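Going by this note's numbering, the first residue of the sequence shown is number 98, and it counts up by one from there.
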Amino acid sequence: MSQSQRLFDVLQILRRHRQAVSGSYLAQATGVSLRTIYRDIALLQSMGAEIEGEPGFGYVLKPGFMLPPLMFSEEEIKAIKLGVQWVSRQADEALTSAAQNALSKVDAVLPSELRYKLNDNDFHVGRISLSTPALDLRMLRQAMQQQMKLRIVYRDAKDVDTERVIWPIALAFFESRRIIAGWCELRQDFRIFRADRIQESELLADRYPGQRRELVKQWRAQVAEAEEGKS
(Lines of atoms letter the chains of each structure in order from A and count residues from 1; the text may use other names and numbers.)
(Lines give C-alpha, C1' and ligand atoms only; values in the text may rest on other atoms or scores of the structure.)
Protein backbone atom coordinates (compact mmCIF):
# COMPACT_ATOMS: atom_id res chain seq x y z
CA MET A 1 0.00 0.00 0.00
CA SER A 2 1.32 3.43 -0.96
CA GLN A 3 1.70 6.15 1.65
CA SER A 4 -0.93 8.32 -0.06
CA GLN A 5 -3.46 5.47 0.05
CA ARG A 6 -2.60 4.77 3.68
CA LEU A 7 -3.09 8.42 4.66
CA PHE A 8 -6.47 8.35 3.00
CA ASP A 9 -7.39 5.14 4.84
CA VAL A 10 -6.35 6.63 8.18
CA LEU A 11 -8.62 9.63 7.55
CA GLN A 12 -11.50 7.36 6.58
CA ILE A 13 -11.12 5.34 9.78
CA LEU A 14 -11.06 8.49 11.89
CA ARG A 15 -14.18 9.84 10.13
CA ARG A 16 -16.11 6.68 10.96
CA HIS A 17 -15.47 7.02 14.69
CA ARG A 18 -16.78 9.74 16.96
CA GLN A 19 -14.64 8.58 19.85
CA ALA A 20 -10.85 8.57 19.97
CA VAL A 21 -9.18 5.86 17.89
CA SER A 22 -6.02 4.33 19.29
CA GLY A 23 -2.78 4.28 17.34
CA SER A 24 -2.58 0.50 17.70
CA TYR A 25 -6.00 0.12 16.08
CA LEU A 26 -4.93 2.34 13.16
CA ALA A 27 -1.73 0.35 12.80
CA GLN A 28 -3.57 -2.96 12.72
CA ALA A 29 -6.21 -1.66 10.27
CA THR A 30 -3.62 -0.34 7.81
CA GLY A 31 -1.05 -3.09 8.25
CA VAL A 32 1.87 -0.92 9.39
CA SER A 33 3.82 -0.35 12.58
CA LEU A 34 2.73 1.96 15.37
CA ARG A 35 5.77 4.14 14.68
CA THR A 36 4.59 4.59 11.07
CA ILE A 37 1.13 5.62 12.27
CA TYR A 38 2.66 8.29 14.50
CA ARG A 39 4.54 9.66 11.49
CA ASP A 40 1.39 9.54 9.36
CA ILE A 41 -0.62 11.45 11.97
CA ALA A 42 2.07 14.11 12.16
CA LEU A 43 2.12 14.40 8.36
CA LEU A 44 -1.66 14.74 8.16
CA GLN A 45 -1.59 17.41 10.86
CA SER A 46 1.05 19.33 8.90
CA MET A 47 -1.25 19.15 5.83
CA GLY A 48 -4.04 20.86 7.76
CA ALA A 49 -6.01 17.95 9.17
CA GLU A 50 -7.37 18.89 12.61
CA ILE A 51 -6.50 15.68 14.41
CA GLU A 52 -6.59 15.92 18.16
CA GLY A 53 -4.90 13.46 20.48
CA GLU A 54 -1.52 11.98 21.18
CA PRO A 55 0.19 8.60 21.55
CA GLY A 56 -1.40 6.55 24.31
CA PHE A 57 -4.73 8.44 24.25
CA GLY A 58 -5.98 8.01 20.69
CA TYR A 59 -6.92 10.41 17.90
CA VAL A 60 -10.06 12.27 16.83
CA LEU A 61 -10.53 14.03 13.49
CA LYS A 62 -12.52 17.25 13.55
CA PRO A 63 -14.99 17.57 10.63
CA GLY A 64 -14.22 19.66 7.56
CA PHE A 65 -10.87 18.36 6.32
CA MET A 66 -10.74 16.66 2.92
CA LEU A 67 -7.80 15.35 0.96
CA PRO A 68 -7.99 15.94 -2.79
CA PRO A 69 -9.31 12.98 -4.78
CA LEU A 70 -5.79 11.95 -5.72
CA MET A 71 -6.43 9.14 -3.30
CA PHE A 72 -9.29 7.56 -5.25
CA SER A 73 -8.70 3.91 -6.05
CA GLU A 74 -9.35 2.53 -9.53
CA GLU A 75 -12.58 0.93 -8.31
CA GLU A 76 -13.74 4.20 -6.77
CA ILE A 77 -13.05 6.03 -10.04
CA LYS A 78 -15.11 3.45 -11.93
CA ALA A 79 -17.93 3.84 -9.40
CA ILE A 80 -17.88 7.63 -9.79
CA LYS A 81 -17.95 7.40 -13.60
CA LEU A 82 -20.77 4.87 -13.52
CA GLY A 83 -22.76 7.02 -11.09
CA VAL A 84 -22.34 10.12 -13.25
CA GLN A 85 -23.40 8.18 -16.34
CA TRP A 86 -26.50 6.91 -14.55
CA VAL A 87 -27.51 10.39 -13.33
CA SER A 88 -26.89 11.86 -16.79
CA ARG A 89 -29.34 9.40 -18.34
CA GLN A 90 -31.97 9.16 -15.62
CA ALA A 91 -32.31 12.55 -13.92
CA ASP A 92 -33.25 16.08 -14.97
CA GLU A 93 -30.99 18.53 -16.82
CA ALA A 94 -29.86 20.37 -13.68
CA LEU A 95 -28.64 17.18 -11.98
CA THR A 96 -27.10 16.00 -15.24
CA SER A 97 -25.09 19.21 -15.49
CA ALA A 98 -24.07 18.98 -11.83
CA ALA A 99 -22.90 15.39 -12.30
CA GLN A 100 -20.80 16.32 -15.33
CA ASN A 101 -19.27 19.27 -13.47
CA ALA A 102 -18.35 16.99 -10.55
CA LEU A 103 -16.70 14.54 -12.96
CA SER A 104 -14.70 17.38 -14.53
CA LYS A 105 -13.41 18.39 -11.10
CA VAL A 106 -12.30 14.83 -10.40
CA ASP A 107 -10.62 14.64 -13.81
CA ALA A 108 -8.76 17.91 -13.19
CA VAL A 109 -6.98 16.66 -10.08
CA LEU A 110 -6.37 13.00 -10.87
CA PRO A 111 -2.80 12.01 -11.68
CA SER A 112 -2.21 11.03 -15.31
CA GLU A 113 -1.80 7.34 -14.48
CA LEU A 114 -5.39 7.23 -13.14
CA ARG A 115 -7.13 9.73 -15.41
CA TYR A 116 -7.59 7.19 -18.19
CA LYS A 117 -9.91 5.22 -15.91
CA LEU A 118 -12.51 7.97 -16.28
CA ASN A 119 -12.58 7.35 -20.03
CA ASP A 120 -12.90 3.57 -19.90
CA ASN A 121 -16.06 2.40 -21.64
CA ASP A 122 -16.34 -0.93 -19.87
CA PHE A 123 -19.71 0.02 -18.33
CA HIS A 124 -22.80 1.30 -20.06
CA VAL A 125 -26.04 2.74 -18.69
CA GLY A 126 -28.87 2.73 -21.21
CA ARG A 127 -31.12 5.70 -21.74
CA ILE A 128 -34.67 5.15 -20.59
CA SER A 129 -37.51 5.93 -22.96
CA LEU A 130 -40.08 8.08 -21.17
CA SER A 131 -42.99 10.06 -22.48
CA THR A 132 -42.79 13.78 -21.71
CA PRO A 133 -43.84 13.99 -18.05
CA ALA A 134 -46.30 16.60 -16.82
CA LEU A 135 -44.21 16.84 -13.66
CA ASP A 136 -40.84 18.54 -14.04
CA LEU A 137 -38.29 16.70 -11.89
CA ARG A 138 -36.47 19.95 -11.15
CA MET A 139 -39.70 21.39 -9.72
CA LEU A 140 -40.22 18.20 -7.74
CA ARG A 141 -36.74 18.44 -6.22
CA GLN A 142 -37.40 22.07 -5.31
CA ALA A 143 -40.64 21.05 -3.63
CA MET A 144 -38.85 18.39 -1.57
CA GLN A 145 -35.92 20.62 -0.63
CA GLN A 146 -38.12 23.54 0.42
CA GLN A 147 -41.00 21.41 1.74
CA MET A 148 -43.51 22.96 -0.65
CA LYS A 149 -46.86 21.41 -1.51
CA LEU A 150 -47.75 20.27 -5.02
CA ARG A 151 -51.14 20.30 -6.67
CA ILE A 152 -51.46 17.45 -9.13
CA VAL A 153 -54.08 15.83 -11.31
CA TYR A 154 -53.48 12.10 -10.99
CA ARG A 155 -54.84 9.38 -13.26
CA ASP A 156 -55.27 6.04 -11.53
CA ALA A 157 -55.17 2.53 -13.00
CA LYS A 158 -58.86 2.84 -14.00
CA ASP A 159 -58.15 6.05 -15.96
CA VAL A 160 -60.00 8.16 -13.39
CA ASP A 161 -58.52 11.62 -12.75
CA THR A 162 -58.48 13.15 -9.28
CA GLU A 163 -57.07 16.48 -8.15
CA ARG A 164 -54.85 16.21 -5.11
CA VAL A 165 -52.50 18.24 -2.98
CA ILE A 166 -49.46 16.24 -1.94
CA TRP A 167 -46.40 16.74 0.24
CA PRO A 168 -43.57 15.15 -1.79
CA ILE A 169 -40.93 13.54 0.43
CA ALA A 170 -38.98 11.10 -1.77
CA LEU A 171 -38.32 10.15 -5.38
CA ALA A 172 -37.43 6.63 -6.49
CA PHE A 173 -36.26 5.27 -9.85
CA PHE A 174 -37.43 1.79 -10.84
CA GLU A 175 -36.28 0.74 -14.30
CA SER A 176 -38.38 2.94 -16.61
CA ARG A 177 -40.63 4.35 -13.88
CA ARG A 178 -40.25 7.19 -11.47
CA ILE A 179 -42.16 6.90 -8.22
CA ILE A 180 -42.98 9.78 -5.87
CA ALA A 181 -43.73 9.18 -2.21
CA GLY A 182 -45.64 11.77 -0.25
CA TRP A 183 -48.50 12.63 2.05
CA CYS A 184 -51.81 12.95 0.20
CA GLU A 185 -54.21 15.51 1.67
CA LEU A 186 -57.13 13.89 -0.18
CA ARG A 187 -56.51 10.45 1.37
CA GLN A 188 -55.02 11.77 4.62
CA ASP A 189 -52.29 9.17 4.41
CA PHE A 190 -48.99 8.40 2.74
CA ARG A 191 -49.27 7.42 -0.90
CA ILE A 192 -46.97 6.66 -3.82
CA PHE A 193 -47.57 8.15 -7.25
CA ARG A 194 -46.25 7.13 -10.65
CA ALA A 195 -44.81 10.19 -12.36
CA ASP A 196 -46.13 9.05 -15.75
CA ARG A 197 -49.71 9.16 -14.40
CA ILE A 198 -49.50 12.79 -13.32
CA GLN A 199 -51.47 14.78 -15.87
CA GLU A 200 -50.94 18.26 -14.41
CA SER A 201 -48.70 19.68 -11.70
CA GLU A 202 -48.28 23.01 -9.97
CA LEU A 203 -45.91 24.13 -7.25
CA LEU A 204 -47.89 25.83 -4.46
CA ALA A 205 -46.71 28.60 -2.19
CA ASP A 206 -47.73 26.66 0.93
CA ARG A 207 -45.11 24.81 2.92
CA TYR A 208 -46.04 21.52 4.48
CA PRO A 209 -45.51 21.14 8.25
CA GLY A 210 -42.90 19.14 10.10
CA GLN A 211 -39.55 17.96 8.81
CA ARG A 212 -39.29 16.02 5.55
CA ARG A 213 -36.76 13.60 7.07
CA GLU A 214 -39.21 12.73 9.83
CA LEU A 215 -41.99 12.20 7.31
CA VAL A 216 -39.73 9.86 5.37
CA LYS A 217 -39.08 7.87 8.56
CA GLN A 218 -42.83 7.63 9.22
CA TRP A 219 -43.52 6.52 5.67
CA ARG A 220 -40.80 3.87 5.74
CA ALA A 221 -42.05 2.59 9.09
CA GLN A 222 -45.55 2.31 7.63
CA VAL A 223 -44.24 0.40 4.60
CA ALA A 224 -42.22 -1.94 6.83
CA GLU A 225 -45.24 -2.60 9.03
CA ALA A 226 -47.37 -3.38 5.99
CA GLU A 227 -44.76 -5.80 4.64
CA GLU A 228 -44.54 -7.57 7.98
CA GLY A 229 -48.32 -7.92 7.99
CA LYS A 230 -48.18 -9.74 4.65
CA SER A 231 -45.55 -12.24 5.79
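Note that beta-carbon positions come from the ideal geometry of N, C-alpha and C, so glycine has one too.
Computed from a predicted structure; not experimentally measured.
In the structure shown, LEU215 falls within a helical segment according to DSSP collapsed to helix, strand and coil.
Within the segment 231-318, the complete beta strand (DSSP E) segments at least 3 residues long are 245-252, 258-271, 274-281, 286-291, 295-304, listed from N- to C-terminus. Taken atom to atom, the span from the alpha-carbon of TRP316 to that of MET241 is near 15 Å. The continuous alpha helix (DSSP H) containing GLY180 extends over residues 171-187. Around the C-beta of LEU301, fewer than 16 other C-beta atoms lie within 10 Å, and the residue is accordingly described as exposed. Per DSSP, GLY145 lies in no beta strand (DSSP E) segment and is marked neither H nor E.
Here ARG291 has ARG274, ILE276 as same chain residues with Cβ atoms under 7 Å from its own Cβ, once five neighbours each way along the sequence are excluded. Rounded to the nearest whole angstrom, the CA to CA distance from SER194 to GLN182 is 11 Å. LEU123 is the residue among LEU123, LEU192, ASP293, GLN243 whose C-alpha sits nearest the C-alpha of TYR156.
Linking GLU172 to VAL257 through their CA atoms gives a straight-line distance of about 48 Å.
Comparing C-alpha distances from LEU234 to each of GLU297, CYS281, LYS175, ILE148 shows the shortest one belongs to GLU297. Membership of LEU158 in the beta strand (DSSP E) is indicated by the continuous run 155-158.
In the DSSP assignment, ARG113 falls within the alpha helix (DSSP H) that extends over 100-113. Burial is judged here by how many other beta carbons sit within 10 angstroms of a residue's own beta carbon; PRO265 has at least 16 and is buried.
Contact between GLY128 and PRO152 is absent: CB atoms are separated by about 19 Å, not below the 8 Å threshold.
Rounded to whole angstroms, the gap between the alpha carbons of VAL184 and ALA267 is 16 Å. Counted as a single uninterrupted DSSP element, the alpha helix (DSSP H) harbouring GLN125 occupies residues 120-127. Apart from the 5 residues on each side of it in sequence, VAL107 sits with its Cβ closer than 8 Å to the Cβ of LEU123, THR127, ILE134, ASP137, ILE138, LEU141 in its chain, given in chain order. Secondary structure of GLY223 (DSSP, three-state): coil. The criterion of a C-beta distance shorter than 8 Å is satisfied by ARG304 and MET245.
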